[in-house]
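Note sheet for the following structure.
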Amino acid sequence: MEKHLLSINDLSASEAIQILNTASELSKISDGPMKKLPTLRGRTVVNLFFEDSTRTRISFESAAKRLSADVINFSAKGSSVSKGESLKDTAQTLQAMGADAVVIRHGASGAAQRLADSGWISASVINAGDGTHEHPTQALLDAYTIRSKFPDLKDNFNGLKVAIVGDILHSRVARSNVLLLSKLGAKITLVAPPTLIPVGVTDWDVDVSYDLDSAILNADVVMMLRIQSERMAASFFPSEREYSRGYGLDLARLNSLKDSTIVMHPGPMNRGLEISAESADSHKSVVLAQVSNGVLVRMAVLYQLLGGAALTGEVGA
Ligand code: CP
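Using numbering that gives the first Met the number 0, the letters of the sequence shown correspond one by one to residues 0 to 316.
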């Protein structure tokens, strides 16, 4: 694996599977008596968050602590960034504090790449979401969750049918999932109104549908996306009610799914808009499993990037 994780394009299919396998090993260890491993003792992980987050920030913090790393949480709100401090000066301050890995979330697409390429820091950089570009650890935890629900999938996802539904245009989760799931062999259909499909989608390895009812009938995985109002400078659909009627996963659509189909959502959810409460809370929903699996997958990513000690035989720390 490379020094940084900026995009799913940084990983081959076998490297991605290796991360999922490491997360599985970590899951077995975590189910045992020792919840904390000494693997990254003496290392420092900095969470550098310029945008709001609940799941990603907390799960990176939890992952690093479970590997015994020291964790520094930096949020732009309440920091000297609000006094005009630049990304360069912020990064160099963190470097001076001895960061081994910097987990960055930023509103600008390419911010993680900029930090990694800058030479300002020597730490590994992990992209925790940059603008509308990518969110690679979300895609990895989604793949891990899918594999845990379809045990026949091991080293590839050949034959798996995935519908990714909603605000594709603004979604870094959709981009990373398209890259990863297609790399693993899944067949992906993007479902959205035409206004929420990116112009360059013809270059992606996906089908596109504007009809949710037919697109989800044979899907094994239905991944609902959040409507990202904060990134919308214009109106992309006539009204929330109309969007929900055309592209929301309501009870009738939930009931039309195959028995084995799972419903995913990266969170935070707009209940009543892209997903109904019945769908979010149904037995088909794996939303909370995605959150739990996020800790394991981020442990695996930190472990592989920082070259931690062997996982086995060290639970007695
Ligand atoms: N899925 C996700 O990135 O959630 P947060 O914004 O809460 O981190």
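Ideal placement from N, C-alpha and C gives every residue a C-beta, glycine not left out.
Contact annotation: the segment 122-134 touches the segment 155-175, with at least three C-beta pairs closer than 8 angstroms. For THR131, the shortest C-beta to heavy atom distance toward ligand 1 is 6 angstroms or greater. Chain order is used for the residues whose beta-carbon lies nearer than 7 angstroms to a heavy atom of ligand 1, namely ASP51, SER52, THR53, ARG54, THR55, ARG56, GLY128, HIS134, GLN137, VAL172, PRO265, GLY266 and PRO267.
Across the set GLY199, ASP210 and ASP202, the C-alpha of ASP210 shows the shortest separation from the C-alpha of ALA191.
Between VAL205 and ILE261, the C-beta spacing is not below 7 angstroms. Counting only the Cα atoms, ALA162 lies some 18 angstroms from THR194. Shown here for GLN94: same chain residues with a beta carbon closer than 8 angstroms to its own, the five before and five after excluded, namely TRP119, ILE120, SER121 and ALA122 in chain order. ALA68 carries a coil assignment under DSSP once its states are collapsed to helix, strand and coil. Within the same chain, PHE49, GLU50 and GLY130 come within 7 angstroms of GLY106 by CB-CB distance, once the 5 residues on both sides are set aside. Excluding sequence positions up to five before and after ALA90, its CB lies within less than 8 angstroms of the CB of LEU47, VAL101, LEU114, SER117, TRP119 and ILE120, all in the same chain and listed in chain order. Within the same chain, Cβ atoms closer than 6 angstroms to the Cβ of ASP249 are found at SER275, the five residues on either side in sequence being excluded.
Between ALA68 and ARG42, the gap from beta carbon to beta carbon is short of 7 angstroms. MET263 carries a strand assignment under DSSP once its states are collapsed to helix, strand and coil. Between ASN176 and ASP151 a beta carbon distance of about 20 angstroms is seen, past the 8 angstroms cut, so the two are scored as non-contacting. Taking 4 residues as the minimum length, the alpha helix (DSSP H) runs contained wholly in the segment 164-230 are 171-182 and 211-214, in order along the chain. Contact annotation: ALA138 and ILE16 have beta-carbon atoms that are not nearer than 7 angstroms. Taking a contact as a CB-CB distance under 8 angstroms, the pair GLY184 and ASN217 does not count as one, their CB atoms being some 17 angstroms apart. Within the same chain, ASN46 come within 6 angstroms of ASN72 by CB-CB distance, once the 5 residues on both sides are set aside. Rounded to whole angstroms, the Cβ separation of ILE226 and ILE196 is 14 angstroms, and the two are not in contact under 8 angstroms. The closest CA to that of LEU301, considering only LEU25, ALA12, MET231 and SER13, is found on LEU25. Between LEU305 and LEU39, the CB-CB gap stays under 7 angstroms.
Put simply, the backbone Cα of LYS186 is about 27 angstroms away from that of ILE125. For the options GLY97, LYS64 and ASP212, the alpha carbon positioned closest to that of ALA299 is the one of LYS64. LYS87 sits exposed, since fewer than 16 C-beta atoms from the chains shown fall within 10 Å of its C-beta.
When the Cα atoms are used, SER29 and THR201 turn out to be separated by approximately 42 angstroms. In the same chain as LEU66, and ignoring 5 residues on each side of it, the C-beta atoms closer than 7 angstroms to its own belong to LEU36, THR38, LEU39, MET298, LEU301, TYR302 and GLY307, in chain order. DSSP places ALA127 in no alpha helix (DSSP H) but in the uninterrupted beta strand (DSSP E) bounded by 123-129. Per DSSP, the unbroken beta strand (DSSP E) holding ALA100 starts and ends at 100-105. When the five nearest sequence neighbours on each side are left out, the beta carbons in the same chain lying within less than 6 angstroms of the beta carbon of LEU189 are those of ILE163, ILE167, VAL205 and VAL207, in order along the chain. Under DSSP, ARG40 forms no beta bridge with any residue. In this structure, ARG146 and LEU19 form a Cβ contact; the two beta carbons are roughly 6 angstroms apart against a cut-off of 8 angstroms.
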